[in-house]
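For what it's worth, the working numbering labels the leading residue of the sequence shown as 198, then goes sequentially. The structure appears right after this line, and notes come after that.
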Amino acid sequence: MIPVFLQQKRIMDAAALINEHTKMVQQGLLSVSAEQRKNLTNTLLGFYFLLPGFEQTLRDYLKINIDKQNLINDIKNDRLEKYRSAIEKCHATFDEYADDFQEVDRIDILIIEAFSNAISDLKNAANTLGLFIGIIDILDYYEAFSDNPEYWNNLLENEISYQRELLAGLKTNENLNSLGYPERYETVLFDTL
Numbered sequence: 198m199i200p201v202f203l204q205q206k207r208i209m210d211a212a213a214l215i216n217e218h219t220k221m222v223q224q225g226l227l228s229v230s231a232e233q234r235k236n237l238t239n240t241l242l243g244f245y246f247l248l249p250g251f252e253q254t255l256r257d258y259l260k261i262n263i264d265k266q267n268l269i270n271d272i273k274n275d276r277l278e279k280y281r282s283a284i285e286k287c288h289a290t291f292d293e294y295a296d297d298f299q300e301v302d303r304i305d306i307l308i309i310e311a312f313s314n315a316i317s318d319l320k321n322a323a324n325t326l327g328l329f330i331g332i333i334d335i336l337d338y339y340e341a342f343s344d345n346p347e348y349w350n351n352l353l354e355n356e357i358s359y360q361r362e363l364l365a366g367l368k369t370n371e372n373l374n375s376l377g378y379p380e381r382y383e384t385v386l387f388d389t390l
């Protein structure tokens with residue numbers, strides 16, 4: 198068993214690493230064009246579609262069916278109004294003073310936030326930043342609630358390195374691998390919590 202003071206140090210080290218990474222991604226996105234952000238958004242969505250509850254959560258809270266290929270095409274072609282309308286209605290139900298307020302699981306919130314970032318105005322780099330950090334938050338969530346936190350911590354550290362590689366590739370106009378996330382996480386069992 199790891200002593201409490203070492204656990205606390207590890208948590209502080211992880212928080213510092215994530216904070217540093219967030220700043221690095223923020224800086225990296227400043228030089229990324231709107232078109233690159235669209236491509237990046239579609240690449241990052243590859244991770245979210247791997248989550249076992251992603252499509253069901255969106256169906257439950259947004260009351261629309263999400264088809265991955267249609268969504269990717271809609272992002273590329275700026276046809277996002279139906280998604281944005283659904284997100285607005287969904288966010289209204291999260292108001293704790295709303296008549297139809299319901300408590301939402303943390304993982305569902307992370308999924309809805311990621312989707313909201315994906316369909317938001319991609320001229321704003323903060324939305325793309327939200328997708329990057331959302332992946333980190335989800336891996337952190339799995340680490341916190343898993344019986345095997347070391348496994349998820351390793352994935353988290355590798356993800357930070359991978360995200361840095363993605364941004365470095367964009368600076369050199371390298372083509373994004375749209376299958377990057379499905380290939381990276383093909384053996385990860387996200388439904389083990």
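C-beta: ideal position from N, C-alpha, C; glycine also.
message: Applying the 10 Å Cβ sphere with the 16-neighbour rule, what's the burial state of asparagine 236?
response: Its Cβ being crowded by 16 or more others within 10 Å, asparagine 236 is buried.
- request: Could you name each continuous alpha helix (DSSP H) segment of 4 residues or more that falls completely within the stretch 221–305, going from the start of the chain to the end?
  value: Runs found: 231–245, 251–259, 265–273, 278–290.
message: Is the beta carbon of isoleucine 309 closer than 9 Å to that of threonine 240?
response: no
message: Taking the beta carbon of valine 222 as the centre, do at least 16 other beta carbons fall within 10 Å, making it buried, or is it exposed?
response: buried
- prompt: Measuring CB to CB, does alanine 323 end up less than 9 Å from tyrosine 245?
  reply: no
task: For the alpha helix (DSSP H) containing lysine 368, list its first residue and its last residue.
output: Where lysine 368 is concerned, the enclosing alpha helix (DSSP H) stretches over 346–368.
query: How about threonine 238 and alanine 315: do their beta carbons lie closer than 9 Å?
result: yes
- prompt: If we ignore side chains and look at the alpha-carbon of each, how far apart do arginine 361 and serine 313 end up?
  reply: If you take the alpha carbons of arginine 361 and serine 313, they lie about 23 Å apart.
query: Between the stretch 329–337 and the stretch 254–265, are three or more C-beta pairs nearer than 8 Å?
result: When C-beta atoms of the stretch 329–337 are compared with those of the stretch 254–265, fewer than three pairs fall below 8 Å, so the two segments do not count as touching.
query: Are there 16 or more other CB atoms within 10 angstroms of the CB of threonine 325, so buried, or fewer, so exposed?
result: Residue environment for threonine 325: buried (at least 16 other C-beta atoms within 10 angstroms of its C-beta).
field: Expected contact under 8 Å - CB spacing of glycine 243 and proline 379 to nearest Å
entry: Right, the Cβ-Cβ distance comes to about 5 Å (below 8 Å), so this counts as a contact.
field: Length of the line joining the Cα atoms of arginine 381 and glutamate 356
entry: 9 Å
query: Starting from glutamate 380 and walking both ways along the alpha helix (DSSP H), at which residues does that stretch end?
result: Its alpha helix (DSSP H) spans residues 377–381.
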